[in-house]
Amino acid sequence: MSFTKHLFISYAHIDNQPLTPEQQGWITRFHATLEALLSMRLGSKAEIWRDEKLQGNDIFADEITAQFPHTALLVSVLTPRYLNSEWCTREVHEFCQSAEQNGGVVVENKARVFKVIKTPVDTEASLHPVMQESLGYEFFTFEDDTPLELDPAYGEKFAQDYNRKVGKLAWDVAQLLKRLETYAPESRDTDGGEQTATKSTVYLAECSYDQREAREILQANLERHGYTVLPDQPLPRDEAEYVAAVARILERCALAIHLVGEGYGAVPDGPSHKSVIVLQNELAIQQSKNRALTRVIWLREGMRSENSQQQAFIEALNRDAETQFGADLITGDLEALKASIHAMLKRLEQPEPESPKAPGEVEDSAKLVYLICDEKDRKATVPIRRFCRAEGFEVILPAFEGDATAVREANRKLLTNCDAVILFYGTGDEAWKRTVDNDLKKMKSYRSGKPPAVTYTYLAEPATSDKEDLIDMEEPNLINGLADFPEAEMKAFTQAVNPSGATA
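Okay, so the sequence shown: first residue is 1 according to UniProt numbering, each after it adds one.
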């Protein structure tokens with residue numbers, strides 16, 4: 001498809017009024033910045049145009065619509081005035097009608113209309129349905145519950161955020177323009193089905209306002225690597241409809257990513273009064289239980305919230321295995337999160353092949369015991385390792401060195417493949433044991449139909465009140481090694497792992 005103009009900017013005249021006499025209007029600067037960045041992305045001059053509206057009122061000009069068949073894309077700058085303007089909303093409808101006759105308003109699931117939300121608006125009902133369904137680019141932030149446009153007049157941070165937002169918009173526009181160059185309308189799926197994606201589809205959960213910048217960065221990173229990121233359109237704000245929509249989208253996804261911040265997030269209208277952050281986590285847990293959906297939760301170390309509901313959710317994520325069921329909990333920075341996500345996606349798309357067996361070969365009968373301990377307890381575990389080896393078992397300790405992503409991946413593989421787990425409770429404190437217990441509760445989601453691993457806790461010095469409490473409460477599958485090596489209890493463990501008594 002060929003066009004003489006790349007982009008038309010639709011806006012309301014009042015929204016281009018400068019804040020001070022010496023400044024340019026917001027739309028004028030936006031036009032110039034987008035044109036510069038888009039030209040860099042395309043490698044040639046971007047052809048962007050707009051009606052200067054020199055007359056200062058909203059009177060629709062037919063000569064504008066005459067240019068729409070020659071224009072690839074439209075950007076609408078949404079404000080309350082824009083949505084109240086018959087001229088502006090007509091521009092959107094006229095462009096969409098023209099696009100439908102010239103290749104389609106939606107190309108490979110991407111709309112040829114973009115919305116830049118300069119200030120919050122109450123409703124988008126006057127817009128074309130295609131634009132209503134697009135997510136848009138928010139060019140404002142909140143300070144003391146007051147929305148402020150991303151404008152350099154408000155300070156350096158606003159200027160930086162403004163440039164970053166225009167940069168993302170320019171990238172997305174450039175990618176769609178490149179698709180349009182080779183797009184053949186007749187190649188669309190006439191049955192209405194979706195084209196098969198070459199890479200996984202990722203659910204990037206809605207988040208609170210303080211995490212939106214990180215979400216945008218992550219979304220751009222994933223899309224740049226060829227992944228489809230959902231949701232790609234606004235979700236309902238009625239709770240029942242919201243839950244149904246998220247459940248349908250999650251079914252299409254191989255990975256769900258949750259960015260948890262200080263804010264509680266939006267609360268759909270419904271009986272539970274739960275935020276979208278909590279609801280999405282609950283729905284993803286269900287998918288993880290039903291079909292082993294892979295999940296990752298980003299919760300930075302020491303994160304706290306002044307909102308009591310969000311703080312309770314943060315504490316549950318840190319302590320409750322059910323709340324983080326099926327998920328890897330990432331507490332590092334954004335780069336650590338990116339590395340973990342790409343490692344997970346690689347594992348999903350390129351699963352490790354099973355080792356082929358020679359004809360007549362039987363599976364190795366040696367049982368694998370994963371002995372989880374603190375690194376300081378490595379030497380103290382020697383008697384257990386010797387005993388298990390004498391019983392014909394293979395024993396593996398955790399990975400103690402390497403980056404966090406590699407250590408988590410090694411731990412996951414061992415929890416997936418082991419026949420038994422011994423949690424060696426020695427120098428590790430209660431918080432360490434609680435973390436390991438949470439990992440063990442997630443083990444079911446890793447094993448994909450494999451039988452559950454036999455799990456025991458081994459108590460070792462030093463004695464603590466928590467260990468004494470486990471003994472007093474007669475915790476099941478407990479091996480008391482606080483005094484001497486408990487050979488009889490270890491025999492009971494080996495019998496549970498290998499009831500037949502066969503050794504390798």
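Where a beta carbon is used, it is the ideal one built from N, C-alpha and C, also for glycine.
Kindly list the residues whose CB is nearer than 6 Å to the CB of residue i, restricted to its own chain and excluding five residues on each side of it in sequence; keep chain order.
i, result
"tyrosine 11", "Ile27, Val77"
"isoleucine 117", "Leu78, Gly136, Glu138"
"residue 539", "What is shown of the chain runs 1 to 504, which leaves residue 539 out entirely."
"threonine 89", "Ser126"
In angstroms, rounded to a whole number, what distance separates the CA positions of residue i and residue j?
i, j, result
"leucine 411", "lysine 199", "As written in the sequence, residue 411 is asparagine, which differs from the leucine given in the question. Looking at the two C-alpha atoms, the distance is approximately 26 Å."
"threonine 4", "alanine 159", "32 Å"
"glutamine 495", "glycine 265", "50 Å"
"threonine 331", "leucine 470", "29 Å"
"glutamate 239", "leucine 283", "13 Å"
"glutamine 280", "alanine 205", "7 Å"
"phenylalanine 114", "valine 130", "10 Å"
"leucine 259", "aspartate 210", "10 Å"
"arginine 300", "aspartate 333", "7 Å"
"arginine 112", "glutamate 91", "14 Å"
"leucine 180", "glycine 103", "9 Å"
"tyrosine 162", "arginine 347", "36 Å"
"arginine 212", "proline 18", "28 Å"
"glutamate 391", "alanine 247", "47 Å"
"residue 525", "glutamate 375", "No answer is possible for residue 525: it lies beyond the span of the chain, which begins at 1 and ends at 504."
"valine 173", "alanine 99", "16 Å"
"alanine 336", "glycine 402", "13 Å"
"proline 476", "valine 454", "12 Å"
CB-CB under 7 Å to residue i, same chain, minus the five flanking residues each way: which ones, in chain order?
i, result
"histidine 70", "Phe3, Thr4, Lys5"
"leucine 34", "Ile48, Val166, Leu169, Ala170"
"threonine 416", "Tyr446, Arg447"
"isoleucine 285", "Phe325, Gly326"
"glycine 481", "Tyr458, Leu459, Ala460"
"arginine 389", "Val395"
"leucine 37", "Val166, Gly167, Ala170"
From the DSSP output, in three-state form, read off residue i for me.
i, result
"tyrosine 264", "coil"
"lysine 442", "coil"
"lysine 379", "helix"
"leucine 259", "strand"
"glycine 56", "At glycine 56 the pLDDT is 48, less than 50, meaning the model places this residue with poor confidence and gives no usable figure here."
"lysine 5", "strand"
"phenylalanine 325", "coil"
"tyrosine 458", "strand"
"arginine 50", "strand"
"asparagine 498", "coil"
"alanine 316", "helix"
"leucine 478", "strand"
Give a yes or no on whether the minimum CB-CB distance between residue i and chain B is below 7 Å.
i, result
"leucine 204", "The structure shown contains no chain B, having only a single protein chain."
Less than 8 Å between C-beta atoms, sequence neighbours within five positions excluded: which residues of the same chain meet that for residue i?
i, result
"lysine 338", "Leu218, Asn221"
"aspartate 437", "Ala321, Leu423"
"proline 80", "Thr119, Val121, Asp122"
"leucine 293", "Leu250, Cys253, Ala254, Leu255, Ala256, Ala284, Gln287, Gly326"
How close, in whole Å, do the beta carbons of residue i and residue j come, if the pair is a contact with beta carbons under 8 Å?
i, j, result
"glutamine 287", "leucine 250", "5 Å"
"leucine 42", "leucine 177", "7 Å"
"lysine 379", "alanine 420", "So it is not a contact: roughly 22 Å between Cβ atoms."
Does the pairing of the segment 124 to 132 with the segment 151 to 163 give three or more beta-carbon distances under 8 Å? The segment 124 to 132 is not in contact with the segment 151 to 163.
Contact between the segment 299 to 310 and the segment 421 to 428 (3+ Cβ pairs under 8 Å): The way I'd put it, the segment 299 to 310 doesn't touch the segment 421 to 428; fewer than three beta-carbon pairs between them come closer than 8 Å.
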